[in-house]
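**Student:** Each residue of the sequence shown is one higher than the one before, starting from 117 at the first, in the numbering used here.
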Amino acid sequence: MLDPSRVLRAKASAGRSLLSALTPKQRQVELDPWHLRVIYGGRQWGKSTWSAVAHERAALPGVTNLALASSVHKAQDLLWPSFERLNREHDAGIILRQGQALFRNGGKLKLLGLNTLAEAEKIRGYTPGFASLEEAGTMRDELLEFALSSCLRPALMRYFRRGGRGTAAIGTPSRNMGTYWHKMCLGETGASVHFATIHDNPFIDGEANLRQVLLDNSKLGWTESTPEFRREYKGEFCSDADSLPYGRWDGEVLPQHMAPQEGWTVLTLDFGQSHPNAWTVHRLTTEEAFDPTRNVTVRMHTIHLIHAYQEAKMTTEGVAARTHALRAQFHPNIIRGDSGGGGAQSIADLQRLYNVPILAVKKAGFKRDRIWAYDSLLGAGTIRVYADTLPWQKQARTTPWNDDKDDHHPSYDDHCLDSAIYALEDLTAHFSEEASEPLPGTPAWEKKQSEARWAERMSYLDGES
Numbered sequence: 117m118l119d120p121s122r123v124l125r126a127k128a129s130a131g132r133s134l135l136s137a138l139t140p141k142q143r144q145v146e147l148d149p150w151h152l153r154v155i156y157g158g159r160q161w162g163k164s165t166w167s168a169v170a171h172e173r174a175a176l177p178g179v180t181n182l183a184l185a186s187s188v189h190k191a192q193d194l195l196w197p198s199f200e201r202l203n204r205e206h207d208a209g210i211i212l213r214q215g216q217a218l219f220r221n222g223g224k225l226k227l228l229g230l231n232t233l234a235e236a237e238k239i240r241g242y243t244p245g246f247a248s249l250e251e252a253g254t255m256r257d258e259l260l261e262f263a264l265s266s267c268l269r270p271a272l273m274r275y276f277r278r279g280g281r282g283t284a285a286i287g288t289p290s291r292n293m294g295t296y297w298h299k300m301c302l303g304e305t306g307a308s309v310h311f312a313t314i315h316d317n318p319f320i321d322g323e324a325n326l327r328q329v330l331l332d333n334s335k336l337g338w339t340e341s342t343p344e345f346r347r348e349y350k351g352e353f354c355s356d357a358d359s360l361p362y363g364r365w366d367g368e369v370l371p372q373h374m375a376p377q378e379g380w381t382v383l384t385l386d387f388g389q390s391h392p393n394a395w396t397v398h399r400l401t402t403e404e405a406f407d408p409t410r411n412v413t414v415r416m417h418t419i420h421l422i423h424a425y426q427e428a429k430m431t432t433e434g435v436a437a438r439t440h441a442l443r444a445q446f447h448p449n450i451i452r453g454d455s456g457g458g459g460a461q462s463i464a465d466l467q468r469l470y471n472v473p474i475l476a477v478k479k480a481g482f483k484r485d486r487i488w489a490y491d492s493l494l495g496a497g498t499i500r501v502y503a504d505t506l507p508w509q510k511q512a513r514t515t516p517w518n519d520d521k522d523d524h525h526p527s528y529d530d531h532c533l534d535s536a537i538y539a540l541e542d543l544t545a546h547f548s549e550e551a552s553e554p555l556p557g558t559p560a561w562e563k564k565q566s567e568a569r570w571a572e573r574m575s576y577l578d579g580e581s
């Protein structure tokens with residue numbers, strides 16, 4: 117008996133030559149055989165070109181594939197320019213009509229609007245070999261999940277093992293995290309995830325382009341840490357600054373080789389039971405400066421966040437091994453661990469069984485106040501962030517406040533953030549300023565000299581008596 121999948125693949129082979137039109141990153145996405153692919157990132161890496169080539173290569177004779185967007189017009193705006201370029205530069209022979217495209221091998225692409233649950237239901241009337249969700253990040257949670265799980269999945273089953281290519285969800289990050297789209301991009305829904313930015317496009321100078329974007333938007337105050345820039349061009353999920361607990365941080369990250377090698381060092385650990393364990397290392401350095409107006413020597417303190425690490429599914433032995441490794445690397449003056457939840461038992465086990473000199477975290481006041489204090493120190497430049505802190509950086513840029521603005525949002529990863537604020541008590545305890553000797557010739561100096569002479573005379577008289 118003739119294998120229908122071989123017939124379909126043979127008849128669809130006309131589109132295979134367009135693989136040469138793809139960049140290495142686009143080719144990696146295209147050759148991924150998984151039934152659900154998620155492709156997200158920044159602008160100008162070539163997602164529309166890839167989508168057009170993917171549809172041409174996935175065309176099966178007599179089969180109608182689907183491209184879904186907020187409207188038919190939007191889908192056409194996204195795909196038609198790329199189809200026209202493929203015709204012009206690669207003689208693809210794609211016939212474009214209103215709302216549909218016809219391919220040389222007899223396959224067809226139908227554009228559908230997807231804005232309501234009723235429109236999603238219409239997908240059930242098709243049996244496509246391939247379907248793309250264009251700009252999936254703009255779709256509402258219930259619509260996106262319903263379209264994928266209840267409509268596309270059963271509709272695609274007929275051809276998936278017979279030459280079909282499943283589903284591809286394509287989009288950019290949004291300001292909303294914890295959404296279904298965000299979970300898809302994190303790989304939590306069973307998808308094969310691909311991330312790309314302008315740096316994956318060999319035809320564009322990515323650095324020069326991003327510098328120009330910042331220059332063009334300089335009047336709006338854009339910097340590399342501006343949420344809109346991070347979302348649209350760097351491909352990061354990022355809340356707006358006013359919704360971030362650490363919004364005063366300017367996003368500056370110093371090279372690791374600039375981190376101080378000595379100073380008061382605090383290693384803190386946030387224990388994870390069903391969540392990751394997280395470690396951060398802060399180092400406090402001090403410089404002295406004299407303030408003549410107040411006649412004090414001020415100690416200028418700088419806190420350096422020099423390391424952050426996070427790992428899930430660790431045994432107590434693994435936590436101990438990691439902590440000992442960090443001790444050997446950074447020689448902390450003190451090690452603290454969170455004693456909340458099961459943390460007290462973890463601290464006891466680390467002390468007793470693994471000889472880790474760890475103490476419980478000192479928690480003074482409300483957590484909201486500790487977050488505010490850490491953010492203020494970041495904003496003032498008192499806390500400096502170094503390159504070897506990637507987990508903390510990502511969380512600081514993306515984790516928003518909870519609804520009451522008194523803690524990090526529970527739906528987001530915040531374990532390195534928690535670990536970092538645990539260090540505040542031990543770090544700020546060393547902040548101080550001391551009275552200094554007055555400058556010679558000043559009234560304060562003359563007064564002190566007079567008092568010293570008087571004390572000396574009184575001491576002499578007391579001796580005579």
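Ideal Cβ placement from N, Cα and C applies to all residues, glycine included. Keep in mind the model is a prediction, meaning the values are calculated, not measured.
(1) Pairing CB atoms from the stretch 240-248 with CB atoms from the stretch 269-283, are three or more of them under 8 angstroms?
(2) If you draw a straight line from the alpha carbon of Pro516 to that of Ser359, how long is it in whole angstroms?
(3) State yes or no: is the C-beta of Asp542 within less than 7 angstroms of the C-beta of Val382?
(4) On the criterion of 16 or more Cβ atoms from any shown chain inside 10 Å, does Pro409 qualify as buried, or is it exposed?
(5) Determine the burial state of Pro120: buried for a count of at least 16 other Cβ atoms within 10 Å of its Cβ, exposed for fewer.
(6) From Ile211 to Trp166, what distance separates their C-alpha atoms?
(7) Does the structure place the stretch 502-521 close enough to the stretch 332-340 that three or more beta carbon pairs sit under 8 angstroms?
(8) Please go through the same chain and pick out, in chain order, the residues whose beta-carbon is closer than 6 angstroms to the beta-carbon of Val472, but skip the five residues on each side of it.
(9) What are the boundary residues of the beta strand (DSSP E) that Lys643 is part of?
(10) Leaving aside the five residues before and after Gly287 along the sequence, list all residues of the same chain whose C-beta is less than 6 angstroms from its C-beta, in chain order.
(11) Thinking just about the alpha-carbon of each residue, which of Ile422, Thr402, Leu152, Thr396 is nearest to the one in Val414?
(12) Please decide whether Ala571 counts as near chain E, where near means a Cβ-Cβ distance under 7 angstroms.
(13) On the DSSP letters alone, give me the boundaries of the beta strand (DSSP E) that Glu237 sits inside.
(14) Below 7 angstroms CB to CB, which residues in the same chain sit around Pro318 once its five sequence neighbours on both sides are set aside?
(15) Please tell me whether Ile474 and Gly495 are closer than 7 angstroms, where the distance is taken between their beta carbons.
(16) Tell me which residues share the same chain as Asn208 and place their Cβ nearer than 7 angstroms to its Cβ, disregarding the 5 neighbours each side in the sequence.
(17) Tell me which same chain residues have a C-beta within less than 7 angstroms of the C-beta of Asp407, skipping the five on either side of it?
(18) Going by alpha carbons, who is nearest to Gly458 out of His391, Ser575, Leu264?
(19) Leaving out the 5 sequence neighbours to the left and right, which residues in its chain are closer than 7 angstroms to Glu567 when beta-carbon positions are compared?
(20) Please report the distance separating the alpha-carbon of Gly158 from that of Tyr296.
(21) Can you give the beta carbon distance from Ala424 to Pro507, rounded, assuming they're within the 8 angstroms contact cut?
(22) Does DSSP put Phe276 in a helix, a strand or coil?
(23) Would you mind sorting Ser198 into buried or exposed? The rule is 16 or more other CB atoms within 10 Å of its CB.
(24) Going by Cα to Cα distance, which pick from Leu540, Tyr470, Thr498 is closest to Lys483?
(25) Return the CA-CA distance between Glu433 and Ser462, expressed in angstroms with no decimal places.
**Tutor:** According to the structure data:
(1) yes
(2) One Cα belongs to Pro516, the other to Ser359, and the distance between them is close to 5 angstroms.
(3) yes
(4) Per the sequence shown, the amino acid found at residue 409 is Thr instead of Pro. Exposed is the call here.
(5) Its pLDDT being 44, under 50, Pro120 is placed unreliably by the model, and the measurement read from it follows with that caveat. By the 16-neighbour rule on beta-carbons within 10 angstroms, Pro120 is exposed.
(6) 18 angstroms
(7) no
(8) Ala436, Thr439, Leu466
(9) Given a span of 117 to 581 for the chain in the structure shown, any question on residue 643 remains unanswerable.
(10) Tyr156, Glu251, Ala252, Gly253
(11) If we check each option's Cα against that of Val414, Thr402 comes out closest.
(12) Note that chain E does not occur in the displayed structure, where there is just one protein chain.
(13) Where Glu237 is concerned, there is no enclosing beta strand (DSSP E), although the alpha helix (DSSP H) it sits in stretches over 233-237.
(14) If you ignore the 5 residues before and after Pro318, its C-beta comes within less than 7 angstroms of the C-beta of Thr139, all in its own chain and listed in chain order.
(15) Taking 7 angstroms as the Cβ cut-off, Ile474 and Gly495 do not qualify as a contacting pair.
(16) Note that residue 208 is Ala in the sequence shown here, rather than Asn. Answer for Ala208: Leu134, Glu172, Leu202, listed in chain order.
(17) Val414
(18) His391
(19) none
(20) Between Gly158 and Tyr296, the alpha-carbon positions lie close to 19 angstroms from each other.
(21) 5 angstroms
(22) Residue state, collapsed to three classes: helix.
(23) buried
(24) Leu540
(25) 10 angstroms
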